[in-house]
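J.: Here the sequence shown is numbered in my numbering, starting from 225 and rising by one per residue.
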Amino acid sequence: MIISQTPLRISLLGGGTDFREFYLKEGGAVLTMAIDKYVYVILKERFDDAIYINYSKKEIVSSIEEIQHELVREAMRKTGICKGIEITTLSDVPADGTGLGSSSSITVGLLNAMYVYQGVQVPAERLAKEACEIEINIIGKPIGVQDQFIAAYGNLCFIEFHKDDIISINRVDIPADFKREFVSNLMLFYTNRTRKAEAILKEQRDKIVERKKELCRLKEIAYKGYSALLNGNFDKVGELLHENWILKRRLASGVSDPQIERMYEEARKAGALGGKICGAGGGGFLLLYCPPDKRNKVRKALNQYKELSFMLSRYGTKIIFNINN
225 MIISQTPLRI SLLGGGTDFR EFYLKEGGAV LTMAIDKYVY VILKERFDDA IYINYSKKEI
285 VSSIEEIQHE LVREAMRKTG ICKGIEITTL SDVPADGTGL GSSSSITVGL LNAMYVYQGV
345 QVPAERLAKE ACEIEINIIG KPIGVQDQFI AAYGNLCFIE FHKDDIISIN RVDIPADFKR
405 EFVSNLMLFY TNRTRKAEAI LKEQRDKIVE RKKELCRLKE IAYKGYSALL NGNFDKVGEL
465 LHENWILKRR LASGVSDPQI ERMYEEARKA GALGGKICGA GGGGFLLLYC PPDKRNKVRK
525 ALNQYKELSF MLSRYGTKII FNINN
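#1: Exposed or buried, what is C306 when buried is set at 16 or more other beta-carbons lying within 10 Å of its beta-carbon?
#2: Can you give me the start and stop residues for the alpha helix (DSSP H) that V213 sits inside?
#3: Quick check on the DSSP output: the beta strand (DSSP E) that includes S280 runs from which residue to which?
#4: For L526 and I547, I'd like the C-alpha separation in whole angstroms.
#5: Among the residues of its own chain, which have a CB less than 6 Å from the CB of Y276, if the five just before and after it don't count?
#6: Within the continuous beta strand (DSSP E) that includes C502, where are the two ends?
#7: Just grab the DSSP bridge partners of F382 for me.
#8: What residue from F545, G252, S326 has the CA that sits closest to T418's CA?
#9: For a test of the three-state rule: what should DSSP assign to L475, helix, strand or coil?
#10: Determine the contact status of L196 and L465, defining contact as a CB-CB distance below 8 Å.
#11: When we look at the beta-carbon of P231 and count the other beta-carbons within 10 Å, is it buried (16 or more) or exposed?
#12: Straight-line CA distance for V522 to I234?
#13: Specify the secondary structure class of F413 as computed by DSSP and reduced to three states.
#14: Report, in whole angstroms, the separation of the C-beta atoms of C502 and G323, which I expect to be a contact under 8 Å.
#15: Write down every uninterrupted run of the alpha helix (DSSP H) in the segment 332-388 whose length is 4 residues or greater and which is fully enclosed by it, in chain order.
#16: Out of curiosity, what's the CA-to-CA distance linking L454 and V396?
#17: Quick one, which of D517, I393, E269 has its alpha-carbon nearest Q342's?
#18: Given that a residue counts as buried once 16 or more other Cβ atoms are within 10 Å of its Cβ, and exposed if not, what is A400?
#19: Output yes or no for whether 8 Å exceeds the beta carbon distance between S214 and N336.
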């Protein structure tokens with residue numbers, strides 16, 4: 225039996241510039257972090273040749289071609305596993321529509337577990353690239369490439385996407401207690417609904433040329449946020465989050481709505497410096513940056529919404545259980 229643990233993520237600044245359609249022409253950059261909320265993939269060998277898959281549904285099939293779960297199907301094809309296995313996926317938070325990058329975390333976790341199941345150790349870069357290939361090239365999801373890399377590498381990272389398609393992973397090199405202080409200023413509130421991200425992301429991808437100016441500015445904001453973190457100016461990141469949110473709302477029509485706007489404005493009135501909807505938008509989790517003396521006021525202002533406490537996850541995907549007879 226193999227169990228992989230892969231972190232979910234919060235994208236802070238620069239989201240949208242990680243679409244290949246943008247960064248191959250203009251270059252892109254994001255400030256992003258893995259959090260201590262995880263997806264788990266459990267693999268167990270079966271005595272027969274059947275394939276059992278357990279998630280929100282249960283599948284029992286005899287061949288890869290019959291598998292409905294696209295990520296499982298393509299990860300099996302990629303890693304060469306074809307029969308006699310039971311696969312279970314679990315998540316610390318709702319797996320769909322929350323904006324925490326669960327799809328990419330599942331893909332990275334599947335690949336990691338499947339390779340180790342076969343006795344192969346695969347580096348983070350390869351896991352991330354193969355997850356991108358599965359989600360974007362094979363399945364055809366209208367997504368960027370940051371989620372796969374932060375799921376594979378973990379920690380608090382500044383990721384650069386270069387025009388030659390090289391991706392640079394820069395760990396934010398500040399002391400651990402500084403990281404804890406920064407993360408403690410971040411708050412997550414559930415909007416009480418999930419959403420299907422694909423339509424929003426497709427519109428965002430289709431409007432990349434039209435929104436080039438906004439995307440270039442989002443890239444600049446990510447660089448400024450990285451510099452602010454290195455200099456210990458955490459409140460500056462909060463202010464940049466606000467500017468990032470104003471621009472993000474212009475990328476597609478479904479990013480925000482009246483309820484999200486009310487939540488955000490109430491939080492700002494209570495003392496939050498900035499924030500954004502995680503992921504594509506339209507629902508899921510609202511991220512806020514809030515100085516310590518304002519947190520209780522923000523909680524009171526948003527008391528009808530559930531807060532999700534979290535910390536930084538220092539590591540990306542890893543194997544937490546391995547009995548492979």
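Yeah, the Cβ is synthetic: ideal placement off N, Cα and C, and Gly gets one too.
T.: Inspection of the coordinates gives the following:
#1: exposed
#2: Here the chain has residues from 225 to 549 only, and residue 213 is not among them.
#3: Note, S280: premise wrong, no beta strand (DSSP E); not H, not E.
#4: 45 Å
#5: I284, E310
#6: From DSSP, C502 is part of no beta strand (DSSP E); its letter is neither H nor E.
#7: L255, N394
#8: S326
#9: coil
#10: With the chain represented from 225 up to 549, any question about residue 196 goes unanswered, as that position is not in the structure.
#11: buried
#12: 19 Å
#13: strand
#14: 3 Å
#15: The segment 332-388 contains, as complete alpha helix (DSSP H) runs of 4+ residues, the segments 348-356, 370-377 (chain order).
#16: 7 Å
#17: E269
#18: Answer is exposed; the Cβ neighbour count stays below 16.
#19: Given that the chain is displayed from residue 225 to residue 549, the structure contains no residue 214 and the question cannot be resolved.
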